[in-house]
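Protein chains in written order, with the working numbering: chain L, 10 to 183; chain B, 10 to 183; chain G, 10 to 183; chain E, 10 to 183.
Protein chains: 4
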Amino acid sequence: MITIICTTNRRPSNSRLVSEFYQTLLTTAGEESTIMDMADLPSDFTSTALYEKAGSNQAFNSLMEQIQNCEKFVFVVPEYNGSFPGVLKAFIDGLKYPASFKDKKCALVGISSGTQGGALALSHLTDIFNYLGMNVLALKVRMPRIEASLIEGKITDKFSLELLDMQVDQFLKF
Amino acid sequence: MITIICTTNRRPSNSRLVSEFYQTLLTTAGEESTIMDMADLPSDFTSTALYEKAGSNQAFNSLMEQIQNCEKFVFVVPEYNGSFPGVLKAFIDGLKYPASFKDKKCALVGISSGTQGGALALSHLTDIFNYLGMNVLALKVRMPRIEASLIEGKITDKFSLELLDMQVDQFLKF
Amino acid sequence: MITIICTTNRRPSNSRLVSEFYQTLLTTAGEESTIMDMADLPSDFTSTALYEKAGSNQAFNSLMEQIQNCEKFVFVVPEYNGSFPGVLKAFIDGLKYPASFKDKKCALVGISSGTQGGALALSHLTDIFNYLGMNVLALKVRMPRIEASLIEGKITDKFSLELLDMQVDQFLKF
Amino acid sequence: MITIICTTNRRPSNSRLVSEFYQTLLTTAGEESTIMDMADLPSDFTSTALYEKAGSNQAFNSLMEQIQNCEKFVFVVPEYNGSFPGVLKAFIDGLKYPASFKDKKCALVGISSGTQGGALALSHLTDIFNYLGMNVLALKVRMPRIEASLIEGKITDKFSLELLDMQVDQFLKF
């Protein structure tokens, strides 16, 4: 069972579409998965669920428990301002250590309108997840110019599709 | 005129104390400054002030205008989960490009309970600010084991004090 | 069989001593290992073994073959100028892709005289190894102020010893 | 007076061509410059010029003195294995601190055959130069797919040309 995390709270978002597309890849590979969407974070979570207030926001706790009960994650990461969305890190800042990510595994997918495909975003996230004790699959898929490739909810770029298939294959064995 | 940004919304915080201490250093050096505190972000800003909702939250807009009207910033950055606080990046994700940081200048101060002093946090932030067109002063002050050094609101560690003085001196000429 | 790589060509070096100490930890854990030392690189390898000259330096080729025939690596990394030794990257620049590191596994150990313990060095190396398709164990051991901890070839700092034992344990299962 | 550093020792190299092209941009802007080429490093410098042997290789010393006598640098950086060339870092590891880079200024240009344009390479270099006390211009030019853009020694891609012009303009005022 894999949790795919749509790491932006923007609605609608290409990240959500890519998350859903990734789920079809996992289904095809015979793997169950669920999508967790940062758009479902409580609107005031940065004030009610972090630091000394950890545990007091029930809607946040529900997401936190989903994280704690899962062992493998796929993060779909749009590039915002040269890195990943701040809300993802704020979410992480409200989670418990070590129950959330330690000794777990993840794969990273970066998307961008520009040419980077989130290279720095995925590097920053790798630093953070490694710090928290989560192993990150070496093969990270970067998809620059996502608007040209994502058509009616499907990735159409052949090179990206090959990388995604390789990533799914490797991640199931990781 | 320099804006010192306390980059966590935790209250109370060592970052706030260090921000106030930094202000005394600037005052001593004859430089005016003001403190902006991420604790003053609206509680629901991640839902009401980002992306397509940019501009619709007046309390957020007020902070945004302070940023746009300032040319030089000092960021006081606590290390959270191997990087900087997520709320800071969420705040940045709601600001306007290029009016906020492009062609401006900043200095970075990292603090941590552990031994890193925010080395990775400051590296990640440098990537982001450079991406946004803001020049970052090379001299970044890292203060590991901050609890031992910060006594009654004053940095007492001699090595840190020397670095802070050098940073202030260089930043005023930057 | 694990190859421990002493990543500096400096002689003598604390990195060599730590590499030998790491070997005793692996032996105690019942794992065979060998040490490869960047001090054994041919003196002119940057001119005779890289790019279009790949393959023409026999001494370099011998090291390259050792890399290609091994599946798991431990890199002992001293912090030089805020990152890892340049000779290590020059060595990597002469290796073959994908036979050297793709689909392989490694663990990283950082040492420094200063307080960072190679935090940025290990982050940069992680970026590179992930790019090359090698999975990096999340648990990276950083040992700042190595001169105080490394006595007669043994790490004496209790916290570092615990981390090293955890890393060995996790890496054997990785 | 600006020193443009071609950061690979490969011959011939696109980096060399881009360095020469950059020089024409500086000349047009009325600025004197010289090119330093890592291809001119002594063939055995990693064995004869680093660490305790610093100072004993006259050809290396000559390059070192050029660095020490210059205040502003442009680094032309090809992406090798997800970062910058190892020989550049080995060169840096042989230079003197603080006489080489402290309180100096640089601009970075990344080139790659692939789509990254050296995003991570430039981030790693920024970490290193900031550590050494050198201020790095925020505007870093990345040129992915360089083979398509670099024709008869000239950058022909319009977007890259605009960025290069902006960088030159900003760097002369930096």
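Yeah, the Cβ is synthetic: ideal placement off N, Cα and C, and Gly gets one too.
Between which two residues does the alpha helix (DSSP H) holding residue i run?
i                      : result
residue 42 of chain E  : Here residue 42 of chain E belongs to no alpha helix (DSSP H); instead the beta strand (DSSP E) covers 42-46.
residue 114 of chain E : Note, residue 114 of chain E: premise wrong, no alpha helix (DSSP H); beta strand (DSSP E) at 114-120.
residue 175 of chain E : 167-182
residue 95 of chain B  : 95-102
residue 125 of chain G : Where residue 125 of chain G is concerned, there is no enclosing alpha helix (DSSP H), given that its DSSP letter is neither H nor E.
residue 25 of chain L  : 23-37
residue 54 of chain L  : 54-57
residue 158 of chain E : 155-158
Does the distance from the CB of residue i to the CB of residue j come in under 8 angstroms?
i                      : j                      : result
residue 87 of chain E  : residue 44 of chain E  : no
residue 162 of chain L : residue 29 of chain L  : yes
residue 138 of chain L : residue 110 of chain L : yes
residue 83 of chain L  : residue 14 of chain L  : yes
residue 173 of chain E : residue 35 of chain E  : no
residue 67 of chain L  : residue 108 of chain L : no
residue 37 of chain B  : residue 124 of chain G : no
When you compare each of the options to residue i by their alpha carbons, which one comes out closest?
i                      : options                      : result
residue 168 of chain E : E:133, E:145 and E:150       : E:150
residue 96 of chain G  : G:170, G:56, G:140 and G:33  : G:56
residue 131 of chain E : E:181, E:91 and E:112        : E:91
residue 16 of chain G  : G:47, G:10 and G:116         : G:47
residue 52 of chain G  : G:61, G:32, G:27 and G:19    : G:19
residue 27 of chain G  : G:175, G:112, G:85 and G:116 : G:85
residue 175 of chain E : B:106, B:112, B:164 and B:61 : B:112
What is the rounded straight-line gap between the Cα of residue i and the Cα of residue j?
i                      : j                      : result
residue 94 of chain L  : residue 71 of chain E  : 47 angstroms
residue 98 of chain L  : residue 59 of chain L  : 11 angstroms
residue 89 of chain E  : residue 22 of chain E  : 12 angstroms
residue 104 of chain L : residue 64 of chain L  : 9 angstroms
residue 12 of chain E  : residue 25 of chain E  : 13 angstroms
residue 54 of chain B  : residue 166 of chain L : 36 angstroms
residue 114 of chain L : residue 129 of chain L : 20 angstroms
residue 152 of chain G : residue 159 of chain G : 10 angstroms
residue 183 of chain L : residue 100 of chain E : 38 angstroms
residue 155 of chain L : residue 122 of chain L : 6 angstroms
residue 171 of chain E : residue 157 of chain L : 24 angstroms
residue 180 of chain G : residue 74 of chain E  : 45 angstroms
residue 136 of chain G : residue 148 of chain G : 15 angstroms
residue 127 of chain G : residue 177 of chain B : 26 angstroms
residue 41 of chain L  : residue 134 of chain B : 36 angstroms
residue 50 of chain L  : residue 39 of chain B  : 44 angstroms
residue 143 of chain B : residue 146 of chain E : 9 angstroms
residue 102 of chain G : residue 140 of chain G : 13 angstroms
residue 61 of chain B  : residue 10 of chain B  : 31 angstroms
residue 116 of chain E : residue 32 of chain G  : 43 angstroms
residue 106 of chain B : residue 106 of chain G : 40 angstroms
residue 164 of chain G : residue 164 of chain L : 51 angstroms
Which stretch, first to last residue, makes up the beta strand (DSSP E) that contains residue i?
i                      : result
residue 10 of chain E  : Element bounds for residue 10 of chain E: n/a, residue is neither H nor E.
residue 185 of chain G : Nothing in the structure corresponds to residue 185 of chain G, since chain G is present only between 10 and 183.
residue 73 of chain B  : Taken as a continuous stretch (DSSP letters only), residue 73 of chain B belongs to no beta strand (DSSP E), being part of the alpha helix (DSSP H) at 67-77.
residue 151 of chain L : 150-152
Which residues of chain L have a Cβ atom closer than 9 angstroms to the Cβ of residue i, listed in chain order?
i                     : result
residue 77 of chain E : None at all; the shortest Cβ gap to chain L is about 32 angstroms.
residue 91 of chain B : 136, 137, 138, 139, 140 and 141
Give me the chain E residues within the contact set of residue i, using Cβ-Cβ distance strictly less than 8 angstroms, ordered along the chain.
i                      : result
residue 100 of chain G : 95
residue 153 of chain L : 124
Using the beta-carbon of each residue, which ones in chain L are nearer than 8 angstroms to residue i?
i                     : result
residue 19 of chain B : 59, 60 and 61
residue 49 of chain B : None at all; the shortest Cβ gap to chain L is about 11 angstroms.
Which residues in chain G have a C-beta closer than 8 angstroms to the C-beta of residue i? List them in chain order.
i                      : result
residue 129 of chain B : 128, 129 and 132
Which residues of chain B have a Cβ atom closer than 7 angstroms to the Cβ of residue i, listed in chain order?
i                      : result
residue 149 of chain E : 139
Residues of chain B with a CB under 8 angstroms from the CB of residue i: which are they?
i                     : result
residue 52 of chain L : 53, 55, 56 and 57
residue 3 of chain E  : The structure shown does not extend to residue 3 of chain E, since chain E spans only 10 to 183, so no value can be given for it.
Checking contacts by CB at 8 angstroms: is residue i closer than that to chain C?
i                      : result
residue 152 of chain G : The chain inventory of the structure shown lacks chain C, comprising the protein chains L, B, G and E.
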